[in-house]
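Here is the structure we will look at, set down as structure tokens.
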Amino acid sequence: MNDIATALKDNKKEPIKITITLPTHAYFMSGIRDFTLSLIRNSSNFSEQWAYRFQSVVDELCNNAIEHGSKPGEEIKITFINHPQDSIEIIVEDSGTGEKQMKATEIQKLVDERSKEGAVIHEIRGRGLPKIVKEWTDELTFTDKPGGGIMVRVKKYLDDVKTQELKQGLSLAGDQTHIVI
Amino acid sequence: MATPATVTIEDIESSSPDMTVKIVKFTGQLDESNVDEKAQAIYDLIEKVPRNLNLIFDFSELEYMNSKSIGYLTDWYGKVYENGGKIVIAQTRPNILDILQVVGLTQLIKTFPTIDEAKFAISHPAS
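Residue numbers (the numbering used here), protein chains in the order written: chain C, 16 to 196; chain F, -13 to 113.
And the structure:
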């Protein structure tokens, strides 16, 4: 297993794509979160902090698909694409049969409104996509699928993460009285 | 079928007779499969102690919380605060603190590295 993980991590070129289909029940999300954590830790160059962040991103996307997209007894599909040394892409698709189904433009509008600076959410729900998924990804798009349902795609670039971590490091160094070279 | 999680409530001595202080310990993972049921224990507590309820949430063994559990946390804080009480959080793991920060909850609810520091903050509100 360690050899496979090392090989995946050292892979310089080919994207690695993994697709999982699961029934629309929140019980299965614990396993998907474990899988996400393990996948990011073992086969990407993202840090431990980002492994946990992707865990939340995937959980929120899937919960949204289960609540709005696919009725009980149906399925949702999750695709992970690791672009080595570049980015992680995650796609979650529902079947379009959920009771609270929304169109891609409606979800996009809701996320845009709720993620505006100073926007306050008073309800118990409604923080997942605008406050967690949007904050922790570089690209977030919603697309209506031709046969019904929605496809949500997110992408996070490794370069952006490294830049952020470098900035944080410089900021911390700025608090010190000595510069460590 | 639900993800394992527990909520345990413990009474602790209060510095003032008209103030109730409790430690609420969360363990496991709060997610879509269990959070509605677990949240009810806190609503029951708020109903039972309507005034001056002070809660220290011990997150030392909380491994995961989703956006809905953060929504509940915000709602409990509002209900407790408007009735003269307070909620603080102690011993949070880095991934949980990260998620509380990204949704802006740490601007509303104070977090402390230890239970003792949280107890001190509850009993010395001006500090």
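Idealized CB from N, CA, C, for every residue including glycine.
- Listed along chain C, no residue sits closer than 7 Å to Y29 of chain F by beta-carbon distance, the nearest being about 11 Å off.
- Identification of chain F residues near E150 of chain C by a Cβ-Cβ cut-off of 9 Å yields V88, V89, ordered along the chain.
- Taking C-beta atoms as the reference points, V7 of chain F and I28 of chain F fail to come closer than 8 Å.
- Contacts with chain C at 8 Å (Cβ-Cβ) include A(-12) of chain F.
- The C-beta of N57 of chain C comes no closer than 8 Å to any C-beta of chain F.
- Within the stretch 49 to 95 of chain C, complete alpha helix (DSSP H) segments of at least 4 residues are found at 63 to 79, given in chain order.
- In the DSSP assignment, L16 of chain F falls within the unbroken beta strand (DSSP E) covering 6 to 16.
- Note on N40 of chain F: 16 or more other CB atoms within 10 angstroms of its CB, so buried under the neighbour-count rule.
- Classified as buried, P145 of chain C has 16 or more neighbouring CB atoms from the shown chains inside 10 Å of its CB.
- Closest by C-alpha distance to Q15 of chain F, out of F:G71, F:S53, F:I101, F:E33, is F:S53.
- Between Y67 of chain C and L52 of chain C, the CB-CB gap stays under 8 Å.
- Within chain C, the residues placing a beta-carbon under 8 Å from that of Q15 of chain F are S45, R48, ordered along the chain.
- Residue environment analysis places S45 of chain C among the buried positions, since at least 16 neighbouring C-beta atoms fall within 10 angstroms of its C-beta.
- A check of alpha carbon separations from Q93 of chain F across F:E103, F:N69, F:V74 identifies F:V74 as the nearest.
- D153 of chain C sits away from K177 of chain C, with the two beta carbons spaced by 8 Å or more.
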